[in-house]
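A.B. asks:
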Amino acid sequence: MALVTGGSRGIGAAVVADLERTHRVISWSSEDADLGDPASIAAAVAELDLDRLDVLVHSAGLSWETPVDAASWEDWERMFRVNVFGVADLTRLLLPALRAAGGAVITVNSGSGHRSAPGMSQYAGSKFALRAFTDALREEERGKIRVTSVHPGRVDTEMQVALQTARGNTAYDGARYVRPESVAAAVRLAVDATEEAMVEEVSVRPVRG
Ligand SMILES: NC(=O)c1ccc[n+]([C@@H]2O[C@H](COP(=O)([O-])OP(=O)(O)OC[C@H]3O[C@@H](n4cnc5c(N)ncnc54)[C@H](OP(=O)(O)O)[C@@H]3O)[C@@H](O)[C@H]2O)c1
43 MALVTGGSRG IGAAVVADLE RTHRVISWSS EDADLGDPAS IAAAVAELDL DRLDVLVHSA
103 GLSWETPVDA ASWEDWERMF RVNVFGVADL TRLLLPALRA AGGAVITVNS GSGHRSAPGM
163 SQYAGSKFAL RAFTDALREE ERGKIRVTSV HPGRVDTEMQ VALQTARGNT AYDGARYVRP
223 ESVAAAVRLA VDATEEAMVE EVSVRPVRG
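When the letters of the sequence shown are read in order and numbered with our numbering, they come out as residues 43 to 251.
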């Protein structure tokens with residue numbers, strides 16, 4: 043059994059399609075659980091009523107670029123709620139089922155989980171925090187569950203279209219970017235790791251930089 047957040051679109055949808063070859067997959071969109079709202083997360087997990095969970099993929103996320111002098115408290119909060127707090131709380135609630143199955147948690151992070159840049163304080167800040175969460179979880183649960191951080195560069199999804207449009211790029215060319223299926227292949231590498239091995243971190247970046 044696998045659960046994929048953000049499974050309705052983009053990278054998450056590609057992960058769902060790939061995992062369905064080998065697992066029963068529950069795919070969540072924002073309508074199944076608002077990851078920015080702890081009550082919504084708790085209700086959705088209670089409804090699942092899972093004793094065992096083999097794979098949890100956190101793909102849902104928000105992204106935008108804002109300079110620090112325009113970054114509102116509300117936007118900081120919204121970004122961190124979905125990209126960090128929701129991931130942490132959903133993981134916490136599902137840990138008993140993951141431990142029971144000797145399962146795997148995969149967080150879809152970003153190159154921005156390692157590097158920040160102008161306009162990226164909120165997004166990169168949330169992804170740095172997500173990496174800190176993922177690294178801590180891996181060590182706390184070592185020997186019980188496997189924990190992997192996947193760091194894509196730019197991927198051809200609606201998120202990337204919106205980012206490029208906001209930058210004024212009127213000639214979006216998705217072929218320049220990584221395909222969602224290539225990120226799903228990195229998730230598959232982590233899921234298929236043999237029992238004694240753990241894929242701890244993977245970067246998947248466009249060939250053309
Ligand atoms: N695209 C890139 O270039 C890129 C690069 C590096 C890392 N990433 C990361 O990869 C992940 C997936 O990105 P993507 O490009 O596939 O994004 P996307 O196409 O914009 O899809 C975002 C997904 O997140 C879900 N979501 C958004 N807000 C949510 C909320 N409050 N509660 C629950 N679900 C919510 C959406 O559900 P709905 O369909 O219901 O709205 C959708 O399934 C993100 O974590 C992103 O940061 C993306």
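For each residue, glycine too, the CB sits at the ideal point set by N, CA and C.
Out of curiosity, what's the CA-to-CA distance linking residue 214 and residue 125?
C.D. replies: Distance between the alpha carbons of residue 214 and residue 125: 25 Å.
A.B. asks: Tell me whether residue 188 sits in a helix, a strand or coil according to DSSP, three-state version.
C.D. replies: Three-state DSSP puts residue 188 in a strand.
A.B. asks: Is it true that the CB of residue 69 sits closer than 8 Å to the CB of residue 97?
C.D. replies: Their beta carbons are not under 8 Å apart, which means residue 97 does not touch residue 69 by this criterion.
A.B. asks: Any idea what DSSP makes of residue 102, helix, strand or coil?
C.D. replies: Correct three-state label for residue 102: coil.
A.B. asks: Mind checking residue 176: buried by the 16 CB within 10 Å criterion, or exposed?
C.D. replies: Result: buried.
A.B. asks: Could you tell me which of 76, 225, 72, 60 sits nearest to residue 151, measuring between CA atoms?
C.D. replies: Nearest option by C-alpha distance: 225.
A.B. asks: How would you write the range of the beta strand (DSSP E) that residue 172 sits in, first residue to last?
C.D. replies: From DSSP, residue 172 is part of no beta strand (DSSP E) but of the alpha helix (DSSP H) over 163 to 182.
A.B. asks: With a threshold of 7 Å, establish whether the CB of residue 201 neighbours any heavy atom of ligand 1.
C.D. replies: Checking every heavy atom of ligand 1 against the Cβ of residue 201, one is found closer than 7 Å.
A.B. asks: Does residue 178 pass the burial test, meaning 16 or more other C-beta atoms within 10 Å, or should it be called exposed?
C.D. replies: The residue is exposed, with fewer than 16 neighbouring Cβ atoms inside 10 Å.
A.B. asks: Would you call the CB atoms of residue 186 and residue 134 closer than 8 Å?
C.D. replies: Going by C-beta atoms, residue 186 is not nearer than 8 Å to residue 134.
A.B. asks: Taking the C-alpha atoms as reference points, what is the distance between residue 167 and residue 155?
C.D. replies: Rounded to whole angstroms, residue 167 to residue 155 spans 8 Å at the Cα level.
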